[in-house]
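A.B. asks: Have a look at the structure that comes next, please.
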Amino acid sequence: MNVSDLQSHDEIAWCPGCGDFGILNAVKKALVKHNRDPKDILLVSGIGQAAKLPHYIRCNCFNGLHGRALPPAVAAKIVNRNLTVIVTTGEGDCYGEGGNHFLHNIRRNVDITVIVHDNHIYGLTKGQASPTTDLGYQTKIQTSGVIVEPFNPLEVAIALGCGFVARGYSADSDHLAELILAGINHRGFSLINVLQPCVSFNHKNTYEWYSKRIYKVDQEADYDVSNKFSAYHKCGEWDDRIPIGIIYKTERTTYEDRSGINEKQPLVDEIINNINIENILDDFI
Amino acid sequence: MDPTPTEFNIRIAGEAGQGIETFGSALCHIYKKSGFHIFANQDYMSRIRGGNNYFQIRVSEAEIFSCREKIDILVALDLPSISLHQSNLHKNGIILLDKAKFNMTQNEPNYFDIPLFALAQKMGGSELYVNSIMCGIMAYITSAELSLLLKTTRIIFKDKTEEIINKNILAVKAGFDFAQNYYKGKLFKINPSVTIPHLLMNGNDAIALGAIKAGCKFYSAYPMSPSTSIMTVVAHYAKKFNIIVEQAEDEIAAVNMVIGASFAGVRSMTATSGGGFALMAEGVSLAAMTETPLVIVDAQRPAPATGLPTRTEQADLNFLIHAGHGEFAKIILAPGTIEEAFTLTIRAFELAEQYQIPVFILTDQHLADSYKDIDNLEGRNQKMVRHIISKNESINLLNYKRYQMTETGISPRAIPSWISQPIYVDSDEHTEEGHITEDADIRRKMVEKRLYLKNKGLRNEILKQKAFQLENADLILLGFGSTFGVMKEACEKISNHRVGFIHLSQVWPFPTDEILEYLKGAKKIYTIENNATGQLAGIIRQETTLKIHGSILKFDGRPFNLDLVIEIINKAFNK
């Protein structure tokens, strides 16, 4: 398995210089290391610039509705656990439109990896505030600046008991690839929130802005990824210093464990041609 | 009552939480096992305790399909039930009540006073035995066999401990003895048939069984009356049939999960009511665009908004026909009987998979919650045919295109990971390979594929309508879904005029040619609908340009009953 096996021939519709390119490269690098046949990998997305990513990799792709990437992804994994299921979504898709699915799929803890392209702005609709846009940032809609507190996805994920919470940076594609691979290898719902400059609409959180602030959390000698409280504290850092890396990691029982589907053949392999319901009809006599 | 009664009607009324449904369904079993035909419907409020609910059982020598207005036996489990329901009592009808419990002294000739709650305390030390005592009393009054009753009691409580079973059997006997000693009124006696009907279930049971039979392996829904019991029944058998039942966080999640599971290769479904369906509408459109099989049950209840959550209506028809933004092929099946709820659920799975489209099963609270004896479920041994590229066929498949253009508009569907190449599916307009495109020519062809070509095929799949007594009819009734029962019985019972009916168990695609043929030369055409606008009449006009002379409409949240329909039809002739 190498990068050429993942080559798609679709024309890429992102803006030149978009952070999405770094994420695309990181996903490819991670998948090369993951070393599974593209036919066994399923990329699921909703709508937005991030959601176009599955078209730019040669893997199975289900590109569904805005905000609804998670429900089809978990269902596909539940019925065919042999698939490696990865969601590529944006902060609008995942935390805004699809917020309820974000909350409840962390609880469900199906073994999928969720990569959220978080550029702190709406790109495809041309520059409105997103759930994570910084307070005070002016847009054509938020004309006096954003007055709604930004959503902190990492804090929420940790509070909900997500077993793998990471933050990556699109310009550090090697580091991001490691995070994605670790997310794939983690059993259960893995969240990788990826900071990504939007060269067209976000004039605050630029490459330069990020490069001054970003540091790798594992470079702090005493950082304990299994400590929920220090992880929670880490998520609060933003204006001066921004940590990237695995923020929180713990083993949790998965949906697959609890539902018992790991003990049975995948549902997709069930033969349904001649299901016998005669015995249960006795309950209706 | 008729001079020689061939049926009687029981209504058990009381507060929510008094076990009315348990009692009612026990009686249904007893009458069915005694060789009678039954039709039982439920009327309940959207609350867990209190209020006033009833369970009504019509018991008959002949097979019956609808409920009636007048009651022969009213079982009042609380005081308000007497005043609420006695206006529906036949002039020879009786009321069973517990005057001590209700703190009343008043006496009426049609009262049969039973110290029910005291007896229950004595029997089992708890009011839990009220139902069993009442079963015994009812059995005596309606001339049911005590031995059969005891056998049935054992079956009903089969999951309970031996002690509980025995206490209930004693309670049943005590009730029977009490009635034998003290009941001096008229006994309700009708003749059982020789053959005992095979099964007893309600519409939702039948849908759940149909789904299991059809090979549904993934069921996701958000609980919503009156659809919830479908999920309950599927969940009950989920382990046995290796089905995953996942309660979704909302209906949007439910429909999108079902689509995801279906895309991944398993038959999947969801069920809801109008409000939940509204949330699913975008998903319907997604299924159509991605050509992913989708089965949705809409068990209708009165709307707008929250409406009357536990009551019945047929007002979602237009909504379903138009559900989902954009234009695409879809099917709406509207079963008229419990048997049909089973066969059409299987059909929904087959057609959804074959045509890769959304298929709706449109029912309502009346069909969902009504019990009837059933002789057989057609299709219970039917073999399913899968409309996918099998695992074996997948092995050597090359150059696969998910949306390959074909004459039928149906592209062979491969399952992800079974074929050697990846599969692309997109909610954006896409090429044959499934990649996003804005090309005008491809766009036009894809619309034709999803709409024209598939609809052409669906023309050959239209379900045959149930038609009765159309020739030289003075009046022809048309209905869909749960009104089948009242149409059938009303048309059979009305003797001074010739009234025929057509029941549509498939409303969309609309059977235009068939309806035009049936109604050729019809004198007078009415629709009968549980809604306020006559939606079916509108669709018939739109699709056939025929003149519809009237609609019998009911939109008070209650189902039609046979007596009311006969009265309305007779009035229509006297106008």
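Protein chains in written order, with the numbering used here: chain S, 5 to 289; chain L, -10 to 564.
C-beta: ideal position from N, C-alpha, C; glycine also.
(1) What's the call for His355/L, buried or exposed, on a 16-neighbour Cβ count within 10 Å?
(2) Quick check on DSSP: helix, strand or coil for His314/L?
(3) Helix or strand or just coil, what does DSSP make of Ile2/S?
(4) Classify Leu198/L as helix, strand or coil using the three-state DSSP reduction.
(5) For Val414/L, which residues in chain A fall below 9 Å Cβ to Cβ?
(6) Do you know offhand how far Phe91/L's Cα is from Glu116/L's?
(7) Phe168/S touches chain L at which residues, Cβ-Cβ below 8 Å?
(8) For Ala186/S, which of helix, strand or coil comes out of DSSP?
(9) Using 8 Å as the Cβ pair cut-off and three pairs as the minimum, do the segment 246 to 265 of chain L and the segment 268 to 277 of chain S touch?
(10) Check whether the segment 261 to 276 of chain L and the segment 241 to 250 of chain L are in contact - that is, three or more C-beta pairs closer than 8 Å.
(11) According to the Cβ coordinates, are Lys206/L and Glu274/S closer than 8 Å?
(12) Would you kindly work out how many angstroms separate the C-alpha atoms of Gln132/S and Gly172/S, rounded to a whole number?
(13) With DSSP run on the structure shown, which of helix, strand or coil describes Gln11/S?
(14) Taking beta-carbon pairs under 8 Å, can you tell me which members of the segment 249 to 267 of chain L lie near chain S?
(15) Counting only the same chain and skipping the five closest in sequence on each side, list residues whose C-beta sits under 6 Å from that of Thr258/S.
(16) Hey, which unbroken runs of the beta strand (DSSP E) at 3 residues or more fall wholly within the segment 501 to 548 of chain L?
(17) Taking the CB atoms as reference points, tell me whether Gly167/S and Lys253/S lie closer together than 8 Å.
(18) Take the Cβ of Lys482/L as the centre, count every other Cβ of all protein chains shown within 10 Å, and call the residue buried at 16 or more, exposed below.
(19) Using the three-state DSSP reduction, which class does Pro58/S fall into: helix, strand or coil?
(20) Can a CB atom of chain L be found closer than 8 Å to the CB of Leu87/S?
(21) Please compile the residues from chain S whose C-beta is within a distance smaller than 8 Å of the C-beta of Tyr226/L.
(22) Return helix, strand or coil for Met34/L, following the three-state DSSP convention.
(23) Starting from the beta carbon of Ala80/S, find every residue of chain L whose beta carbon is closer than 7 Å, and list them in chain order.
(24) For the pair the segment 259 to 266 of chain L and the segment 321 to 331 of chain L, tell me if three or more CB-CB distances fall below 8 Å.
(25) I'd like to know whether the C-beta of Pro405/L is nearer than 8 Å to at least one C-beta of chain S.
(26) What do you reckon, is the C-beta of Asn381/L under 7 Å from a heavy atom of the ligand NAP?
(27) By how many angstroms is the C-alpha of Ile188/S removed from the C-alpha of Thr352/L?
(28) Report the CB separation of Pro154/S from Asp138/S in whole angstroms; it is logged as a contact under 8 Å.
(29) Candidates Leu137/L, Glu10/L, Glu52/L and Leu66/L: which alpha carbon is nearest Thr(-5)/L's?
(30) Starting from the C-beta of Phe177/L, find all residues in its chain whose C-beta is less than 8 Å away, skip the five residues before and the five after it, and write them out in chain order.
(31) When you compare each of Asn365/L, Asn30/L, Asp287/L and Asn444/L to Ile281/S by their alpha carbons, which one comes out closest?
(32) Between Glu50/L, Ile153/L, Asp87/L and Lys175/L, which has its C-alpha nearest Trp80/L's C-alpha?
(33) Met373/L: which of Ala160/L, Lys149/L, Phe44/L and Ala200/L sits nearest, CA to CA?
(34) Is there contact between the segment 238 to 246 of chain S and the segment 205 to 222 of chain S, where contact requires at least three CB pairs shorter than 8 Å?
(35) Kindly give me the distance between the Cβ atoms of Glu456/L and Ile491/L, rounded to whole angstroms, as I take these residues to be in contact under 8 Å.
(36) Should Ala133/L be flagged as near chain S, meaning a C-beta pair shorter than 8 Å?
C.D. replies: Looking at the atomic coordinates:
(1) buried
(2) coil
(3) Any question about residue 2/S goes unanswered here, given that chain S covers just 5 to 289.
(4) helix
(5) No chain A appears in this structure, whose protein chains are S and L.
(6) 14 Å
(7) Result: empty, since nearest Cβ-Cβ is about 21 Å, beyond 8 Å.
(8) Of the three classes helix, strand and coil, the one that applies to Ala186/S here is helix, per DSSP.
(9) The segment 246 to 265 of chain L vs the segment 268 to 277 of chain S: in contact.
(10) Yes: the two stretches touch, three or more of their Cβ pairs being nearer than 8 Å.
(11) yes
(12) 23 Å
(13) strand
(14) Gly249, Ala250, Phe252, Ala253, Gly254, Val255, Arg256 and Ser257
(15) In the same chain as Thr258/S, and ignoring 5 residues on each side of it, the C-beta atoms closer than 6 Å to its own belong to Asn113, Asp115, Arg191 and Gly192, in chain order.
(16) 514 to 518 and 539 to 542
(17) yes
(18) exposed
(19) helix
(20) Leu87/S counts as touching chain L.
(21) Those within 8 Å of Tyr226/L in chain S are Ile284.
(22) coil
(23) Gly249, Ala250, Phe252 and Ala253
(24) no
(25) yes
(26) Although the ligand NAP was asked about, the structure shown includes no ligands whatsoever.
(27) Put simply, the backbone Cα of Thr352/L is about 43 Å away from that of Ile188/S.
(28) 6 Å
(29) Glu52/L
(30) Pro(-6), Phe(-3), Asp61, Ile62, Ile130, Thr131 and Ser132
(31) Asn365/L
(32) Position check: residue 80/L holds Lys in this sequence, whereas Trp was assumed. The shortest CA-to-CA distance from Lys80/L to any of Glu50/L, Ile153/L, Asp87/L and Lys175/L is the one to Lys175/L.
(33) When the alpha-carbon of Met373/L is set against those of Ala160/L, Lys149/L, Phe44/L and Ala200/L, the nearest one is in Ala200/L.
(34) Touching, yes.
(35) In the sequence as presented, Glu is not what sits at residue 456/L; that position holds Ala. Correct: roughly 5 Å between the Cβ atoms.
(36) With 8 Å as the cut-off, Ala133/L does not count as an interface residue toward chain S.
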